[in-house]
C-alpha cells in the first residue's frame, strides 16, 4: 500500500482499535511496522463490575498492561476509550478511575457517557427496570470532573468527548 500511495509520507492517520485482552507488545510493534500511527485501546472502565456488565473479557490490569505494552513497542500516539455515567457509578468512582487512567499519561482520551441505543441489552434492561440511567445532574458532574482532570493532565478538550495532547487530536473524528 505504501509503495502505491506513499501514505507514510503524508499526514494520513492510520488508527487501529484494539481490545486490551488481545494487545501485547509484539502485536503493537507489528502494527507500527505496518504503518499504523495511532492505537486506540478500548479500556472502557477500571471497575470489575462495570467491565462484567459491559460484557468485556479484560480486567483493569490487562487494560493498563495493554497500554504499557503499546508504549514499550514505541507507539507515540495512544488513545484510551472510556465510558462514564454507568449504572451505579458515583462521582468518587469516576474521579478515582480517571486519576488512575491519566497517571498512565495517554496521548488522547475519548470519554463517552453511556447512551442507551435501540436494539441493545442496555436499553432493554433500562426499559425492564433492571438498571437505571445516571441522573442528569450526575452526568454533568462527571463531565466537569473529566474536563478538569484532563486539562490538569495536559489533555485539551477539542470535541464533546475527546481530549488530546497538542498534536494528538484524532484526525478521523
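In our numbering, the protein residues as written are -13 to 159.
Note that the Cβ used here is the ideal one computed from N, Cα and C, for glycine as well.
As the structure is a prediction and not an experimental result, all values here were calculated from the model.
First and last residue of the uninterrupted alpha helix (DSSP H) at residue i
i	result
residue 108	107 to 113
residue 51	46 to 58
residue 38	34 to 39
Close beta carbons around residue i, own chain, < 6 Å, minus the five adjacent residues each side
i	result
residue 100	69, 71, 72
residue 5	28
residue 52	6, 9, 27
residue 116	none
Delimiting residues of the beta strand (DSSP E) encompassing residue i
i	result
residue 28	24 to 30
residue 10	Note, residue 10: premise wrong, no beta strand (DSSP E); not H, not E.
residue 70	64 to 70
Beta-carbon proximity of residue i to residue j, cut-off 8 Å
i	j	result
residue 59	residue 15	yes
residue 93	residue 133	no
residue 75	residue 119	no
residue 32	residue 67	no
residue 47	residue 37	no
residue 149	residue 95	yes
residue 22	residue -2	no
Candidates the options: closest to residue i by CA position
i	options	result
residue 0	25, 8, 10, 11	25
residue 77	147, 126, 145	126
residue 10	91, 49, 36, 96	49
residue 27	45, 19, 119	45
residue 81	140, 20, 131, 19	131
residue 85	153, 123, 140	140
residue 13	144, 104, -2, 56	56
residue 129	98, 116, 138, 106	98
residue 41	87, 106, 54	106
residue 88	2, 114, 137	137
residue 34	122, 65, 79	79
Near the ligand COA: residue i beta-carbon under 7 Å from a heavy atom
i	result
residue 94	With respect to the ligand COA, the structure shown offers nothing to examine, as it has no ligands at all.
Proximal residues to residue i (C-beta, below 7 Å), its chain only, five neighbours per side dropped
i	result
residue 18	59, 60, 61
residue 147	96, 97, 98
residue 169	Any question about residue 169 goes unanswered here, given that the chain covers just -13 to 159.
Same chain only: Cβ atoms within 8 Å of residue i, ignoring 5 sequence neighbours per side
i	result
residue 102	108, 109, 112, 119
residue 54	90
Item checked: Segments of 4+ residues assigned as alpha helix (DSSP H) that fall wholly inside the region 81 to 148 -> Within the region 81 to 148, the complete alpha helix (DSSP H) runs of at least 4 residues are 107 to 113, 122 to 138.
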